[in-house]
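*Asks:* In my numbering, the protein residues as written are 28 to 235. No residue lacks a Cβ here, since even glycine has one placed at the ideal position from N, Cα and C.
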């Protein structure tokens, strides 16, 4: 029996920042998915990883990301990336979260940066939505980020649930793997409707 559902935010509750990345690339004549390639190169210790663990400030991120992107063929200022992080809420996911929150425990594990914290007017973090989570873990606040297995264990510990009784949703396979290895039921969110079909089967009640 499922006792908790744990969610990623960007790409699950809200639209993926990768959509904004692709628009940026098209506008500037960069190769499609170039920014994702930068993010995926040395992904455990690159500029994004350090920034999401709050190990560097915005100025250092700006420089490091520019250096990393230049090494891959196209220099992009890190500051440009911050404006691309905002996403649009997905109403169907918010409704599913609302229904689940009324019956099960809910958590959110998000890799974020201080520059896009909840007091930023461009933030994807909407107070009324965040209030639906019983626990929220933000990488920039704890100095640890997905896919570090410890962040998932921290969440299940805070929720007081066995990982085997949890569902975890994320749009990135690399972030789903540690949750799955802990025993969680995992759902990769590519098409929100398909993900909700899987989630309904997992929890056993209607979410729409």
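Give the secondary structure of residue 112 by DSSP, where H, G and I count as helix, E and B as strand, and everything else as coil.
*Replies:* In the chain shown, the residue the question calls residue 112 occupies position 85. Three-state DSSP puts residue 112 in coil, outside helix and strand.
*Asks:* Report yes if the C-beta distance between residue 232 and residue 117 is below 9 angstroms; otherwise report no.
*Replies:* On the chain shown, position 205 is the one that residue 232 refers to. On the chain shown, position 90 is the one that residue 117 refers to. Result no, Cβ atoms of residue 232 and residue 117 do not sit closer than 9 angstroms.
*Asks:* Could you tell me if residue 95 is buried or exposed, where buried requires 16 or more neighbouring beta carbons within 10 angstroms of its beta carbon?
*Replies:* Taking the chain shown and counting its residues from 1, one reaches residue 95 at position 68. Residue 95 is buried by the Cβ-count criterion.
*Asks:* Should residue 164 and residue 134 be called a contact, given that it needs their Cβ atoms to be closer than 9 angstroms?
*Replies:* Translated into the one-based positions of the chain shown, residue 164 becomes position 137. Translated into the one-based positions of the chain shown, residue 134 becomes position 107. Result yes, Cβ atoms of residue 164 and residue 134 sit closer than 9 angstroms.
*Asks:* Ignore the nearest five residues each way along the sequence and tell me which others in residue 159's own chain have a CB closer than 7 angstroms to its CB.
*Replies:* For the purposes of this step, residue 159 is identified with residue 132 of the chain shown, where counting begins at 1. Contacts found: 124, 125, 128 and 133.
*Asks:* According to DSSP, simplified to helix, strand and coil, what is residue 215?
*Replies:* As a working mapping, residue 215 is identified with position 188 in the chain shown. The answer is strand: DSSP assigns residue 215 an E or B state.
*Asks:* Identify whether residue 168 lies in helix, strand or coil by the three-state DSSP scheme.
*Replies:* Stepping through the chain shown from its first residue, residue 168 is reached at position 141. Helix, per DSSP.
*Asks:* Throw me the rounded Cβ distance for the residue 234 and residue 214 pair, which I believe falls under 8 angstroms.
*Replies:* Indexing the chain shown from 1 puts residue 234 at position 207. Indexing the chain shown from 1 puts residue 214 at position 187. Under the criterion of beta carbons closer than 8 angstroms, residue 234 and residue 214 do not qualify as touching, at roughly 12 angstroms.
*Asks:* Could you check where the beta strand (DSSP E) with residue 194 kicks off and where it finishes?
*Replies:* Along the chain shown, one-based indexing puts residue 194 at 167. Unbroken beta strand (DSSP E) run through residue 194: 193-197.
*Asks:* Sort 106, 101, 119 and 76 by Cα distance to residue 137 and report the nearest one.
*Replies:* For the purposes of this step, residue 137 is taken as residue 110 along the chain shown, with counting starting at 1. If we check each option's Cα against that of residue 137, 76 comes out closest.
*Asks:* On the criterion of 16 or more Cβ atoms from any shown chain inside 10 Å, does residue 201 qualify as buried, or is it exposed?
*Replies:* One-based indexing of the chain shown puts residue 201 at position 174. Its Cβ having fewer than 16 others within 10 Å, residue 201 is exposed.
*Asks:* At what residues does the alpha helix (DSSP H) containing residue 127 begin and finish?
*Replies:* As a first step, residue 127 must be located in the chain shown, where it is residue number 100. Counting along the chain, the alpha helix (DSSP H) containing residue 127 begins and ends at 118-128.
*Asks:* Between residue 156 and residue 31, how many whole angstroms is the CB-CB distance? I'm expecting something under 8 angstroms.
*Replies:* Counting from one through the chain shown, the residue named residue 156 turns up at place 129. Counting from one through the chain shown, the residue named residue 31 turns up at place 4. Not quite, the Cβ-Cβ distance comes to about 17 angstroms (not below 8 angstroms), so this is no contact.
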